[in-house]
Each structure stands twice: as C-alpha cells, then as structure tokens.
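Everything on this sheet refers to the single structure shown next.
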Amino acid sequence: MGWVSLRYMLPKLLCVGLKPGMSKAQNVVAMTVGQILRCPGGEITVENRPVAIIVLIGQTKQEPELTDEAIVKVVGHFKEFQGRKSLMAITFRICASYNELTCHMLEVMYTPLKLKQIQMKDLEKSGISHQAEGALPNSIIAPLMDRGSTAGGFTPNQQRVHAIIANSSDEMGIHKDDIVRQCQGIINKREIESILQMMTSEGHIFSTVDDDTFKSTDA
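This is the structure in structure tokens:
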C-alpha cells in the first residue's frame, strides 16, 4: 500500500545516495514508500528514469497539530548536496477523504504503465524519440493539460508566474501582491491565485514565511 507510519520510514528516506552525473528530472510523480526503498543503488527512479519530486500519502504521529493515525499527503523534493540526495518535505496536509488515497494509488500504477507504453512506441519507431524522449508525465491528468501548454506543461500565463517566482532574489521568496503587480494588465488576480494554488499542489513552488509568500522548488 501507499501509506505506512512515516515515523519509522522517513529517517531511511531523508538521505539517499546519488550516482555522479545523474541529471535532475523536472516532474512530480506519485510513489509509495515501498517503491522508494526498493530503488536499486539508492537511486529514486521509475522504470529506470530519475525522479525529482514525489508525492507520498502516509500516516504521521510526529506533527502535534495532527491527530494520531491521520492520513496525510506529502509533496517532497529531492536535492543533491555533496554527492548525496536529500528528501525535503515541501508541503503536507491531511487528506480530506479516502478518495485521495485511491487516486494516489491509481497514479502510482499509472506512471510505470505509461512509461512502458512510451518505450514500446519508441521501439516501434526504431529509436525515434517520442514525447520528449519518454519524459515522465507530470501527473495522471497531464494529458488533459496539453492543449495550450508550453514546455514543461505550463500555459504561457503559468510560465510567466513561475518565472517571476523563480527569478526572485529574496531568500524568503516573493509575495503574491508583488506577483500581481508584475503581471498587471496581463493576468488578473483571480487567475494568479489559481495558478499559485496549482503550482503549490503540484510541487513547483512552496510557501515560506506565510501563506502568500512563495519560492520555487528549482531555486
């Protein structure tokens, strides 16, 4: 299953070895704790492809604001430091219902099946690249977001907002009001708030000093 007591499993996940030369994949992938622990050689991969950001659903007993045995959704980001990878929990929240656990497990099953399908098409085309050389889908709903999207799966407006956040030089990130000012006349406030919510839930950005100040996970 995709949920176990993170109290016992997280210490094993916080420092995972990285082979020299492995590039960082830009994707958000649903996984289980068991999948991570079974990755050979300490590499976090799905179908031999490196994963940068994962989504876990598990039980926690360590956070005082949460009740015991609560089921939570965790979005984490892997970063390289001195030749090793560390799992940084970006956000986590209590799951509203068991439907989220069901959806998570569907994503866990979908990702390797989708990769196998891509690999089979690549073989049929005799090595011709397909779908960005078999890049990992950003989520189970990624195919529904292709229309009007740009490189990285972002629409032009999403790409603009993400670039503003990623280019911020402030260590604490950039406030939502500053983003609105920089997008004045181009993107309205309501759409910016929707974009920020989507990027936070997908693990592209995270809040820092308050709920309205954001920093890019790529920074």
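Under mature numbering (1 follows the signal peptide of the UniProt record, and there is no 0), read the sequence shown as residues -25 to -1, 1 to 194, first letter to last. By construction, the Cβ of each residue, glycine as well, lies at the ideal position given by its N, Cα and C atoms. Note that the structure is predicted; figures quoted are calculated from it, not measured.
Q) If you count every other CB in all the chains shown that lies within 10 Å of the CB of Thr125, and 16 or more means buried, which is it? A) Per-residue confidence for Thr125 stands at a pLDDT of 47, beneath the threshold of 50, marking its modelled position as unreliable; the derived number appears in the next sentence. Exposed, by the Cβ-count rule.
Q: Quickly, what does DSSP pair Ala5 with across the bridge? List them, please.
A: Answer is Val30, bridged to Ala5.
Q: Check the DSSP bridge columns for His52 and list the partner residues they point to.
A: Within the DSSP bridge table, the entry for His52 names Ile28, Met63 as partners.
Q | DSSP state of Ser114 mapped onto helix, strand, coil | A | A caution first: Ser114 carries a pLDDT of 47, below 50, which makes its placement in the model too unreliable to give a value.
Q) What first and last residue would you give for the beta strand (DSSP E) that runs through Ser191? A) Unbroken beta strand (DSSP E) run through Ser191: 188 to 191.
Q) Which of the three DSSP states, helix, strand or coil, is assigned to Ala45? A) DSSP, reduced to helix, strand and coil, places Ala45 within a strand of the structure shown.
Q. What does DSSP give as the partner residues of Thr183 in its beta bridges?
A. DSSP, once it has assigned bridges, lists no residue as partnering Thr183.
Q | Where Ile11 falls: helix, strand or coil (DSSP) | A | Residue state, collapsed to three classes: helix.
Q. Roughly how many angstroms separate the alpha carbons of Gly33 and Glu168, rounded to a whole number?
A. In this model, Gly33 and Glu168 are separated by some 28 Å (Cα to Cα).
Q: Please work out which residues of its chain come closer than 8 Å, Cβ to Cβ, to Asp187, disregarding the five sequence neighbours upstream and downstream, and give them in chain order.
A: In chain order, His150, Lys151, Asp152 place their CB closer than 8 Å to the CB of Asp187, counting only its own chain and leaving out the 5 sequence neighbours on each side.
Q: Could you tell me the distance, in whole angstroms, from the CA atom of Pro87 to the CA atom of Leu81?
A: Near 11 Å, if we compare the C-alpha coordinates of Leu81 and Pro87.
Q: Could you have a look at Thr20 and say whether DSSP puts it in helix, strand or coil?
A: Of the three classes helix, strand and coil, the one that applies to Thr20 here is strand, per DSSP.
Q.
For Glu177 and Asp185, I'd like the C-alpha separation in whole angstroms.
A. Answer to the nearest angstrom: the Cα atoms are 19 Å apart.
Q. Tell me the DSSP bridge mates of His150?
A. Under DSSP, the beta-bridge partners assigned to His150 are Thr188.
Q: Quick one: measure Cβ to Cβ for Glu22 and Leu98, integer angstroms, because I've assumed they're closer than 8 Å.
A: Approximately 14 Å separates the beta-carbon atoms of Glu22 and Leu98; this is outside 8 Å, ruling out the contact.
Q. So Asn74 is in the alpha helix (DSSP H); what residue range does that whole segment cover?
A. Per DSSP, Asn74 belongs to the alpha helix (DSSP H) from 73 to 99.
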